[in-house]
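Reminder that position 163 of the sequence shown reads as 163 in our numbering, one-by-one numbering, no gaps. From the three backbone atoms N, C-alpha and C, an ideal C-beta is built for every residue, glycine too. All values derive from a computational prediction rather than experimental measurement. The next block holds one structure in the form of structure tokens; read it before the comments.
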Amino acid sequence: MGKLITFALIGFIAQLVDGALGMAYGVTSTSLLLVFGLLPSMVSATVHLAEVVTTAVSGISHIKFGNVDRQAVIKLIIPGSIGSFLGACFLSNLSGEIVKPYISLFLLFLGGFVLFRFFRMEHSKNERKSIYLSRMKSTLLGFIAGFADATGGGGWGPITTPVLLSQKGSSPRKVIGTVDTSEFAIAISATLGFLISLGWEGINWTWAITFMIGGIFAAPIAAWLVKRLPTYLLGVLVGGFIILTNIHTLLQIWMMSNFWKVFIYSCIVIGWVALIFLVIRKNKV
1 MGKLITFALI GFIAQLVDGA LGMAYGVTST SLLLVFGLLP SMVSATVHLA
51 EVVTTAVSGI SHIKFGNVDR QAVIKLIIPG SIGSFLGACF LSNLSGEIVK
101 PYISLFLLFL GGFVLFRFFR MEHSKNERKS IYLSRMKSTL LGFIAGFADA
151 TGGGGWGPIT TPVLLSQKGS SPRKVIGTVD TSEFAIAISA TLGFLISLGW
201 EGINWTWAIT FMIGGIFAAP IAAWLVKRLP TYLLGVLVGG FIILTNIHTL
251 LQIWMMSNFW KVFIYSCIVI GWVALIFLVI RKNKV
């Protein structure tokens, strides 16, 4: 029971951050579940099943608060769904022990990407009302992010959100709401891919439902907070957390000595705290 309450809290926090940041639910949840020893395919399948419900609630909430560019959502969901389905089928046919370190390395990279991308981000005074996406860009971005999301258990937000925010004049509020809303289709496609490849027994239903419950309560709150919270600060916080979690997984696999574990953890924490201090000072939060 204690573990289930912990997972519900993790689901709440992950969705709260995801809804306010446009990323981190899948990556955070996957990173934590890998620590508990589940196979990567089962982890990703469980997380995506939970996301079917949490992203639906999140999308509705963002639409209600006017945080969504509907045209951009339409352009992203078809290539994203295709990439996500293929990524799920690809991951399901790999050995869990073989792929686990590669998944953790992938998540580690995403964590660093999130950390430094948002460390550099500042508020824009000239924000567009809509998100510009050409057909070619939306196809490539959607497919790659969808495939990465299914294989890594998270990647739709960490890839799509920074790319869209990199465009001059992009509104963080619109980008986050659009990414979160479009993720509903990605989660459905990935879940279908896992169900076809793994079967119903390939999903930990108890954990998935627990994550759903936590995420459902957090989604409306996150959509409301997205207009008020500094997204650059959240990005640095989440990026550092993802790095720490996946470093833990990799160090366990590599069986390093306690001295080196403590040294590596200390370096990461010191660097992380320094970046948090600098981003607060830089943006005068």
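Asked                                                                                                                                         : Found
What separation, rounded to the nearest whole angstrom, lies between the Cα atoms of M42 and N204?                                            : 7 Å
My assumption, with CB atoms under 8 Å, is that S61 sits in contact with F211. Please give the rounded CB distance.                           : S61 to F211, Cβ: 17 Å. No contact.
Would you identify the three-state DSSP class for D149, choosing helix, strand or coil?                                                       : helix
Please state whether the Cβ-Cβ distance between S84 and A190 is less than 9 Å.                                                                : yes
Roughly how many whole angstroms lie between the Cα atoms of Y265 and G142?                                                                   : 34 Å
Going by other Cβ atoms of all chains shown within 10 Å of its Cβ, with 16 needed for buried, is G37 buried or exposed?                       : exposed
Excluding five sequence neighbours on each side, which residues of the same chain lie with their C-beta closer than 6 Å to the C-beta of L76? : S138, G142 and S182
Taking the C-alpha atoms as reference points, what is the distance between V269 and A150?                                                     : 29 Å
Inspect the beta-carbon positions of A218 and T54 and report whether they are closer than 9 Å.                                                : yes
Buried or exposed, going by whether 16 or more other CB atoms sit within 10 Å of the CB of T161?                                              : buried
In chain order, what are the residue ranges of uninterrupted beta strand (DSSP E) at least 3 long that sit wholly in the segment 29-55?       : none
Would you kindly check if the distance between the Cβ of F90 and the Cβ of F12 is under 9 Å?                                                  : no
Taking DSSP as the reference, what is the three-state secondary structure of Y132?                                                            : coil
Return the CA-CA distance between L140 and P79, expressed in angstroms with no decimal places.                                                : 8 Å
From what residue to what residue does the alpha helix (DSSP H) around K282 run?                                                              : N258 to N283
Could you round the C-beta distance between L237 and I276 to whole angstroms and report it? I think they count as a contact, below 8 Å.       : 7 Å
My output table needs one value for Q167: the three-state DSSP class, helix, strand or coil.                                                  : coil
Please decide whether M212 counts as near chain E, where near means a Cβ-Cβ distance under 9 Å.                                               : Absent from the structure is chain E; it holds one protein chain and no more.
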